[in-house]
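Asks:
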Amino acid sequence: MRINTIVYRYIFKEMIPPFGINLIFFSFIFLMTQIIQIMNLVVNHRVGLSVIGWMILYTLPFFMEFIIPMSIMMSVLLTFLRLSGDNEILALKNGGLSVYNILPPVMLFCLIGALLTASTALYGLPWGRMSIKNLTAQVASTNLDIGIKERTFIDSFKGVMLYVNKMDSQTRTLSDVFIEDQRTQDAIITVVAPKGQMESNPDTHQFLLRLYDGTINQVDIKSRSVNTVRFATYDIHLDTRQALAAVALGPKHPEEMSLTEIRQYLTASTEKNSKYYLTLMEFHKKFSLPFACIALGLLAVPLGIQSKSSRRSFGISLGIFFFLMYYMLLSAGWVFGEKGIYPPLLGMWVPNLITAGAGFILLHRANQEMPSPFSTLAAGITRIFRRLRKSAV
Numbered sequence: 530m531r532i533n534t535i536v537y538r539y540i541f542k543e544m545i546p547p548f549g550i551n552l553i554f555f556s557f558i559f560l561m562t563q564i565i566q567i568m569n570l571v572v573n574h575r576v577g578l579s580v581i582g583w584m585i586l587y588t589l590p591f592f593m594e595f596i597i598p599m600s601i602m603m604s605v606l607l608t609f610l611r612l613s614g615d616n617e618i619l620a621l622k623n624g625g626l627s628v629y630n631i632l633p634p635v636m637l638f639c640l641i642g643a644l645l646t647a648s649t650a651l652y653g654l655p656w657g658r659m660s661i662k663n664l665t666a667q668v669a670s671t672n673l674d675i676g677i678k679e680r681t682f683i684d685s686f687k688g689v690m691l692y693v694n695k696m697d698s699q700t701r702t703l704s705d706v707f708i709e710d711q712r713t714q715d716a717i718i719t720v721v722a723p724k725g726q727m728e729s730n731p732d733t734h735q736f737l738l739r740l741y742d743g744t745i746n747q748v749d750i751k752s753r754s755v756n757t758v759r760f761a762t763y764d765i766h767l768d769t770r771q772a773l774a775a776v777a778l779g780p781k782h783p784e785e786m787s788l789t790e791i792r793q794y795l796t797a798s799t800e801k802n803s804k805y806y807l808t809l810m811e812f813h814k815k816f817s818l819p820f821a822c823i824a825l826g827l828l829a830v831p832l833g834i835q836s837k838s839s840r841r842s843f844g845i846s847l848g849i850f851f852f853l854m855y856y857m858l859l860s861a862g863w864v865f866g867e868k869g870i871y872p873p874l875l876g877m878w879v880p881n882l883i884t885a886g887a888g889f890i891l892l893h894r895a896n897q898e899m900p901s902p903f904s905t906l907a908a909g910i911t912r913i914f915r916r917l918r919k920s921a922v
């Protein structure tokens with residue numbers, strides 16, 4: 530067996546355990562950002578744990594678009610930090626291998642990550658977004674308070690417009706309720722009440738909204754007359770079946786579209802409005818994020834091959850710094866591209882080009898054994914801290 534094949538297999542296997550650990554770690558971190566919403570659903574809205582589990586599963590594809598590239602970068606970085614720290618990189622160089630000679634297993638590893646990210650972006654994300662959209666609608670059909678937002682006009686119900694100033698999810702009590710009911714032909718009924726209570730029947734998708742101490746204004750369109758009635762208790766029935774149908778048949782968000790649907794929309798669109806640019810951004814994102822695995826992985830190699838004077842924690846900090854820089858560039862590109870300030874193609878691909886360019890430059894310097902600018906930076910920071918400690922003593 531050729532020596533190169535043994536080295537390639539060894540490096541490739543070394544990257545697998547860090548990738549699994551990073552994937553689990555970053556998935557946990559991303560899910561922690563949703564913990565407040567999850568606890569709110571469980572405590573205030575009494576949503577079952579099985580529903581929460583499905584919601585987490587449907588949300589994962591969105592996170593994985595970013596978690597996989599980051600995990601690929603950190604896995605390559607940690608592997609080469611260890612190889613460099615154990616002088617294995619030096620041994621390989623003494624054996625006649627250059628930095629470029631040890632790139633094939635890294636590129637293969639990054640390519641596998643790119644394929645995983647592409648599968649997530651092309652198939653997992655639309656599936657997850659549509660699934661959680663439908664699940665949320667089904668949960669809202671049995672828990673109306675989930676679908677009600679304070680100080681927001683809600684028109685999901687057939688012929689009824691609902692507005693609630695404040696809501697108590699625990700007691701299902703509403704404050705300052707406004708309802709416009711157009712279900713009666715040739716009449717518009719407006720109901721205003723300072724307090725209300727919700728009751729539901731999940732089997733029939735019917736909700737009873739009981740209002741207290743309010744007024745009813747009925748406008749007769751034909752006779753142009755207005756009747757005002759005060760009431761102590763008033764019941765109004767709301768049907769959620771139309772809301773469920775609107776979710777299933779309504780227009781899709783670009784993240785919910787398949788690649789074919791995105792192409793069809795872009796081809797058929799005659800007006801370059803905000804949705805057009807948003808959809809075009811989503812189209813480029815489905816390919817730019819998978820390529821980020823290659824760009825970030827390439828950058829991680831020279832970051833990992835550091836001088837012995839650099840601490841391992843400093844190398845990890847550099848990796849996190851460059852990923853955050855990549856994410857900031859991507860976010861800025863998304864904002865400007867979505868508004869049509871400059872082409873979405875640039876917004877989604879410039880971060881990759883900058884990252885890959887930096888990787889090639891640093892890789893060349895590492896191959897030529899030129900001193901790393903980051904090692905000099907680390908030494909300077911270390912000297913500053915030492916002086917501060919001495920002055921403090």
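With our numbering applied, the sequence shown has no gaps in its numbers, which climb one by one up to 922 at the end. Just so it is clear, CB atoms sit at the ideal spot from N, CA and C, and this is done for glycine as well. None of the values given here were measured: they were computed from a predicted structure.
What separation, rounded to the nearest whole angstrom, lies between the Cα atoms of I585 and Q747?
Replies: Roughly 46 Å between the two C-alpha positions.
Asks: Grab the span of the alpha helix (DSSP H) containing P588 for me, first residue to last.
Replies: A small fix is needed here, since residue 588 is Thr in this sequence, not Pro. That run of the alpha helix (DSSP H) goes 578-614.
Asks: Alpha carbons only, please: which of L892, Q563, R575, G869 is nearest the one belonging to Q699?
Replies: Nearest of L892, Q563, R575, G869 to Q699, Cα basis: R575.
Asks: So which of G833, Y805, L859 has the shortest CA-CA distance to S817?
Replies: For the residues G833, Y805, L859, the minimum Cα distance to S817 belongs to L859.
Asks: Going by the DSSP bridge assignment, what does G851 pair with across the sheet?
Replies: The displayed chain sequence assigns Phe, not Gly, to residue 851. In DSSP, F851 forms no bridge with anything.
Asks: Where do the N-terminal and C-terminal ends of the beta strand (DSSP E) with K815 fall, by residue?
Replies: Element bounds for K815: not the beta strand (DSSP E) but the alpha helix (DSSP H), 803-833.
Asks: Exposed or buried, which one is L965 when buried takes at least 16 other CB atoms within 10 Å?
Replies: No answer is possible for residue 965: it lies beyond the span of the chain, which begins at 530 and ends at 922.
Asks: Grouping DSSP H, G and I as helix and E and B as strand, with all else coil, what is H766?
Replies: Strand at H766.
Asks: Between L691, T796, F736, which lies nearest to I718 when the distance is taken from Cα to Cα?
Replies: For the residues L691, T796, F736, the minimum Cα distance to I718 belongs to L691.
Asks: Please report the distance separating the alpha-carbon of P547 from that of V668.
Replies: If you take the alpha carbons of P547 and V668, they lie about 38 Å apart.
Asks: Do L640 and V536 come within 8 Å of each other at the CB atom, strictly closer than that value?
Replies: No, the pair does not count as a contact, with Cβ atoms beyond the cut-off.
Asks: Straight-line CA distance for S803 to P872?
Replies: Their Cα atoms are separated by approximately 13 Å.
Asks: Give me, in chain order, the residues of the same chain whose beta-carbon lies closer than 8 Å to that of I750; leave out the 5 immediate sequence neighbours on both sides.
Replies: If we look at I750 and ignore the five residues flanking it on each side, its Cβ neighbours are D715, A716, I717.
Asks: Could you check whether the region 815-830 touches the region 850-870, counting it as contact only if at least three pairs of C-beta atoms, one from each stretch, sit closer than 8 Å?
Replies: Yes, the region 815-830 is in contact with the region 850-870.
Asks: What do you reckon, are the CB atoms on L654 and F591 nearer than 8 Å?
Replies: Yes, the Cβ-Cβ distance between L654 and F591 is below 8 Å.
Asks: Note down, in chain order, each residue of its chain lying with its Cβ closer than 6 Å to the Cβ of R658, except the 5 sequence neighbours on either side.
Replies: Once the five neighbours on either side are set aside, the close Cβ partners of R658 are E784, E785.
Asks: Taking only runs of the alpha helix (DSSP H) that begin and end inside the region 607-661, which ones reach a length of at least 4 residues, in chain order?
Replies: The qualifying runs are 617-623, 632-648.
Asks: Need the endpoints of the alpha helix (DSSP H) that E790 sits in, please.
Replies: Residues 788-797.
Asks: From the DSSP output, read off the bridge partner residues of R759.
Replies: Its beta-bridge partners are T744.
Asks: Under DSSP, the alpha helix (DSSP H) around T713 begins and ends at which residues?
Replies: Premise fails: T713 is in no alpha helix (DSSP H) and is neither H nor E.
Asks: What does the alpha-carbon distance come out to for the pair M603 and L788?
Replies: Distance between the alpha carbons of M603 and L788 is about 29 Å.
Asks: According to DSSP, is M561 part of a helix, a strand, or is it coil?
Replies: DSSP places M561 in helix when its eight states are reduced to three.
Asks: Does the separation of the CB atoms of I677 and V689 fall below 8 Å?
Replies: No. Outside cutoff.
Asks: Rounded to whole angstroms, what's the CA-CA distance from K724 to V571? Just pull it up for me.
Replies: Going from the Cα of K724 to the Cα of V571 covers about 25 Å.
Asks: I'd like the list of long-range same chain contacts for K868, defined as Cβ closer than 8 Å, with 5 residues on each side in sequence excluded.
Replies: Same-chain partners within the cutoff: S803, Y806.
Asks: Is the Cβ-Cβ distance between T649 and I597 less than 8 Å?
Replies: It is a contact, given that the beta carbons lie within the stated cut-off.
Asks: Cα separation between L552 and E728?
Replies: Rounded to whole angstroms, L552 to E728 spans 43 Å at the Cα level.
Asks: Reducing DSSP to helix, strand and coil, say where E543 ends up.
Replies: E543 falls in the helix class under three-state DSSP.
Asks: For the alpha helix (DSSP H) containing M877, list its first residue and its last residue.
Replies: From DSSP, the alpha helix (DSSP H) with M877 extends over 873-896.
Asks: Less than 8 Å between the beta carbons of G549 and C822, yes or no?
Replies: No, the Cβ-Cβ distance between G549 and C822 is not below 8 Å.
Asks: How long is the line joining the alpha carbons of Q897 and V864, rounded to whole angstroms?
Replies: Cα-Cα distance, rounded: 39 Å.
Asks: With a threshold of 7 Å on Cβ separation, who are the neighbours of V680 within its own chain once the five nearest residues in sequence on each side are excluded?
Replies: First, the residue type needs correcting, since residue 680 is Arg and not Val in the sequence shown. So the qualifying residues of the chain are N694.
Asks: Under DSSP, the beta strand (DSSP E) around M696 begins and ends at which residues?
Replies: Segment 689-697, the beta strand (DSSP E) holding M696.
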